Structure formats: C-alpha cells, structure tokens
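In terms of the UniProt record's numbering, the sequence shown has 209 at position 209, counting the first letter as 1, and numbering is strictly consecutive. All C-beta atoms in this analysis are idealised placements derived from N, C-alpha and C, irrespective of residue type, glycine included. These figures come from a predicted structure and were not determined experimentally. First comes the structure, then the notes that go with it.
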Amino acid sequence: MFFGGLNDPSEKLRKEQKKEMEKKRSKATAAARGRLREGEQQRETNRNTNAETKTKSKKKEKRYEVLWKAELRVRVEDVALKRGIRTRREDKIQLPASALRMLERFDDEMGARQPNAFFYVSRVDEDEDEDEDKGCYCAALDYQAEEDSVVIPTDLYKRLGYSSGDEKNLLRVEFRSRALEKCEWVKLQPKSNEFSKFLTRHPEADVKMVLENVLVQRSCVHVGDVFEVDFSGFVSSSSSPSESKFVFELKVVSLKVEGGEEDIVASLIETDVEVDLAPSMEHDEVVERIDTLNRNDEEEKRKEKEKKLAEAREARRRIERNEERKEKLRRFREAMAKKLPLEPPPPLASSSSTLKTATTNNVVRIRISLPTGEAIDRRFYDTDDVSSLFDFVLASYSFEEEEDKEDSDFCLVTRGGRFGEEKKKRIYRSSSNRSSSSLGAAGVASGDVFFVEKL
Numbered sequence: 001m002f003f004g005g006l007n008d009p010s011e012k013l014r015k016e017q018k019k020e021m022e023k024k025r026s027k028a029t030a031a032a033r034g035r036l037r038e039g040e041q042q043r044e045t046n047r048n049t050n051a052e053t054k055t056k057s058k059k060k061e062k063r064y065e066v067l068w069k070a071e072l073r074v075r076v077e078d079v080a081l082k083r084g085i086r087t088r089r090e091d092k093i094q095l096p097a098s099a100l101r102m103l104e105r106f107d108d109e110m111g112a113r114q115p116n117a118f119f120y121v122s123r124v125d126e127d128e129d130e131d132e133d134k135g136c137y138c139a140a141l142d143y144q145a146e147e148d149s150v151v152i153p154t155d156l157y158k159r160l161g162y163s164s165g166d167e168k169n170l171l172r173v174e175f176r177s178r179a180l181e182k183c184e185w186v187k188l189q190p191k192s193n194e195f196s197k198f199l200t201r202h203p204e205a206d207v208k209m210v211l212e213n214v215l216v217q218r219s220c221v222h223v224g225d226v227f228e229v230d231f232s233g234f235v236s237s238s239s240s241p242s243e244s245k246f247v248f249e250l251k252v253v254s255l256k257v258e259g260g261e262e263d264i265v266a267s268l269i270e271t272d273v274e275v276d277l278a279p280s281m282e283h284d285e286v287v288e289r290i291d292t293l294n295r296n297d298e299e300e301k302r303k304e305k306e307k308k309l310a311e312a313r314e315a316r317r318r319i320e321r322n323e324e325r326k327e328k329l330r331r332f333r334e335a336m337a338k339k340l341p342l343e344p345p346p347p348l349a350s351s352s353s354t355l356k357t358a359t360t361n362n363v364v365r366i367r368i369s370l371p372t373g374e375a376i377d378r379r380f381y382d383t384d385d386v387s388s389l390f391d392f393v394l395a396s397y398s399f400e401e402e403e404d405k406e407d408s409d410f411c412l413v414t415r416g417g418r419f420g421e422e423k424k425k426r427i428y429r430s431s432s433n434r435s436s437s438s439l440g441a442a443g444v445a446s447g448d449v450f451f452v453e454k455l
C-alpha cells in the first residue's frame, strides 16, 4: 500500500549522495563556485518557499474551529498491542464515551458519518502557553476509557515529551473541524551519514519493506516527526561482527497530500505513499560549511581586490600630487630666476682658476654651496641687493626636495676675508634689514663662498 512510485528510495539516495559528492569535489574550481552560489540561492528560495508553506499551513490550521476540548488524565497502556493489532497502533488512543457522543452529535449536524476521526492532543503544563503548537494528531482506538481519562500508547507518551517519572499528567484533547487529507508523498532525511554508509555496505537491505513497516504503525504523519528505522532481520546474516548499529533515525522534512499540495500533517490510512530519501543532515551541514568557507573565501578575495584598488588609487593620487608639486616648484623657480638682476658679462681675460676675481672693479663672482653638495656660481654687480643672492638660491634649490613643506627661512654663511684679512664668519639672513643693502655695502667680495643653512 506504500511506495506508489517506481523508484527505489535507496537507489535514489545513492544517486543523490554520489551527485552531491561529485559537486563537493568540483567546488575548488571557479565553475563549481558559480554552481555553489546558484545552489545557495536555490536553497534559500526553497527555504523561503518551505517557510511560507509552513506559515500558510499553520495559519490554515489556526482557522479550523475547535469543536470539542477536554483535559483528561493520562494513563499509559499499549492496548492495541495487547489486543494483537499489528498496524496503526503507535498513535491510537482510548477516549471516554463523552467523546463518542460529541462525534455523534457532530455527525447528526453534518448529516454524514466521518469514517476516520482524528483528535489533536497536547500536553497540559502550567509553565507552557496553551497557544503553543507542540502536539500532534491521533486516531481513536475506541471510546472505552473512563470518564475524565485518556489511554495512550507508550510511543505517543514519549513523543509528547513525558517521562516515566511524571505523575498526575493531563492531556489536552481537541476535536477540530478539519479532516486530515490523505498523504501522497513524504520525504525522509537521515540524521547521520551512517545511514547511507549502511546501505552501501548492505545493498541487499530491503529499504521499502523497512520503511513500510515503520509508516504502517502510524495513523497520521507530521513534518518534523522522527522515525526509528530498524534494519535488524532485513540484512544478510554474513554481516561484519563488529557492526552493531542497525537502527537509524529519519526525520520527516516535507510531505504532500493528494493533489500535490504541501501540508504539515496528513492521514496515512487507506492511501499509497511515495517515499523519497534526502541526503543526511550531517551531509547538508558539511555542504553548508563548505558553502560558508567558499563565501568567506570569495569575501576575502573581494576585500583584497578592493584593498589593492584603493592602494592603486592612492598611489596614483600621490603621483599626481608629486607632479603638481614639481610643476609648482618649477614655476616658483622660474619666477625667482626672473627676479634676478642682469648678470654682468664675463671678463675678457681667461684664467685657469675656477673662482677668478673679475677684472671689472664693480663685478663680484660668488659661489654658493647647496645642502645637496652641488655648487652654483654667478656674477653680480656690487650694487645689486643682497636679496638677489637668496633669489639665486631659490631659483636653483628648494627645501621641498628634502621635505614636503613650504620653503623655510635660511641664511647664507661665508668664512674668510680678502687679501689675508683676519678670517671671520659673516651671516646674511633673508629676513634681516641687511638683505636690502647692496652687496658692496654688505662687504661681499668676489671669490666669496657661501653655504646655505636652514634656520
């Protein structure tokens, strides 16, 4: 009655696992990273779609009216098992006769008898909100329980979160105005990779039969239900002695009712169900971690690329600023050169001496030693201002060549005197009043050597 589809679930699982592993191995390439991004977008779309579907289903669930509700004392007993009932025994409960009378009144009002009545059950806890949806649907075994009590099987008792030490438990039982539609398709996801490894080691395992034995014990199925699947007795007796795990947990991740519409709960009574197996949760977590690492790697590469682009832009700006500074300095030197007085012509007579006293009485030849070690020479008339010496320096040298600052004030220092006079240090400052006097009045003589010193 189960597995209406023709595909073998275990074979589909193996194919999906193989496909996923091939995808994982190819993620190192650029093309695979593109597929990963597309896969992530698709998973996000699926997650959003599933979330919307669940939200719609929950909203739809809330629209159903509660026609009958009672808080009943819980008694745990596997009545169906004791009666020898082999199917639908894990979620069938015994209710009091008052519940049956309620159903009969409801049938009379509707003018039809319901073939299968489902009840919604949930724990009654003082510290829990009554509106919280933590229960599940069940079918009625019979209506022979004592009034104000309900008898539930052990499996349901555990599913609802009760423990064996709990006392005076109450169970909220509701009959809602919705009929559960028949389940058509369900997808189960193993919690660990051990399940797929087990199937690989045991290709003879009859997955269809095992899953049918599990599902046939339920009257209805919910998204989020966890089934324990036991393969003991369904694999070859020649299994490895060291292998001890034959029980695996499979979670219901999605389901569809007749017509192909997704829902969060459906009936398993008198219906053919197609079962699909999804890659395990561990497998999904590994893929998600790989996706995260790839996204982080892409993010790091993007940041590194942005950093390099920013450094390149800054380098271009520095070059532009340097070019602007050089152009500004060039124009400044040209302006200083234009301020220089007319240079006297060279003397007619030649001499081998580098610094020769001019034969013309009113012409002085000066050498200035720059901070770079370079020496510059020029002739001046002794009537030229001392400031022309500073203009001559600025036309050839700038302190910006050493530091990215404006030209600082500086002085010209000379040592020595003329014709054996006692040597002494003479300083001419650009900011002093003396700089406005003539070279001759300042005592500057032909052959003097000045040194530039920054103040």
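Please say whether residue 446 and residue 386 have beta carbons closer to each other than 9 Å?
no
Taking DSSP as the reference, what is the three-state secondary structure of residue 419?
Only weak support exists for where residue 419 lies, its pLDDT of 46 falling under 50; the value from the coordinates is given anyway. Coil at residue 419, not helix or strand.
Which same chain residues end up closer than 8 Å to residue 352 when comparing Cβ atoms and leaving out the 5 residues on each side of it in sequence?
Its pLDDT being 48, under 50, residue 352 is placed unreliably by the model, and the measurement read from it follows with that caveat. Excluding residues within five positions, none has a Cβ falling inside 8 Å.
Would residue 73 and residue 120 be called neighbours here (beta carbons separated by less than 9 Å)?
no
If you follow the beta strand (DSSP E) that residue 265 is in, where does it begin and where does it stop?
265 to 267
Using a 10 Å radius around the Cβ and a threshold of 16 neighbouring Cβ atoms, would you call residue 66 buried or exposed?
exposed
Grouping DSSP H, G and I as helix and E and B as strand, with all else coil, what is residue 157?
helix
Looking at the structure shown, is residue 343 part of a helix, part of a strand, or coil, going by DSSP?
coil
May I ask which residues mark the beginning and end of the beta strand (DSSP E) holding residue 227?
226 to 230
Cα-Cα separation between residue 357 and residue 346, rounded to whole angstroms:
Unreliable placement is indicated for residue 357, whose pLDDT of 47 sits below 50; no coordinate value is reported for it.
Cβ neighbour criterion (16 or more within 10 Å) applied to residue 169
buried
Which residue's Cα is closest to the Cα of residue 247: 233, 259, 258, 254?
233
Pairwise C-alpha distance: residue 381 and residue 364:
6 Å
CA-CA distance, residue 194 and residue 229?
13 Å
For residue 397, I'd like the list of residues in its chain whose CB is within less than 6 Å of its CB, leaving aside the five on either flank, ordered along the chain.
370
Using a Cβ-Cβ cut-off of 8 Å (strictly less than) and excluding sequence neighbours within five positions of residue 75, which residues of its own chain qualify?
145, 149, 150, 151, 152
Across which residues does DSSP place residue 381 in a beta bridge pair?
363
Give me, in chain order, the residues of the same chain whose beta-carbon lies closer than 6 Å to that of residue 227; leave out the 5 immediate sequence neighbours on both sides.
214, 250
For residue 278 versus residue 183, is the C-beta distance shorter than 9 Å?
no
What does DSSP give as the partner residue(s) for residue 457 in the beta ladder?
The displayed coordinates of the chain run from 1 to 455. Any statement about residue 457 would go beyond what the structure contains.
Relative to the C-alpha of residue 181, which residue among 114, 103, 157 is closest?
114
Of the residues 317, 69, 123, 452, which one's Cα is nearest the Cα of residue 103?
69
From 384, 264, 174, 314, pick the residue whose C-alpha is nearest to that of residue 344; which is it?
384
When you compare the CB positions of residue 99 and residue 139, do they come within less than 9 Å of one another, or not?
no
Rounded to whole angstroms, what is the Cα-Cα separation between residue 274 and residue 260?
12 Å
With respect to the alpha helix (DSSP H) encompassing residue 276, which residues constitute its N-terminal and C-terminal limits?
That residue, residue 276, is in no alpha helix (DSSP H); its beta strand (DSSP E) goes 274 to 277.
Contacts around residue 117, its chain only, beta-carbon distance under 8 Å, and the 5 residues preceding and following it disregarded:
103, 139, 140, 175
Return helix, strand or coil for residue 42, following the three-state DSSP convention.
helix
Below 7 Å CB to CB, which residues in the same chain sit around residue 455 once its five sequence neighbours on both sides are set aside?
408, 409, 410, 411
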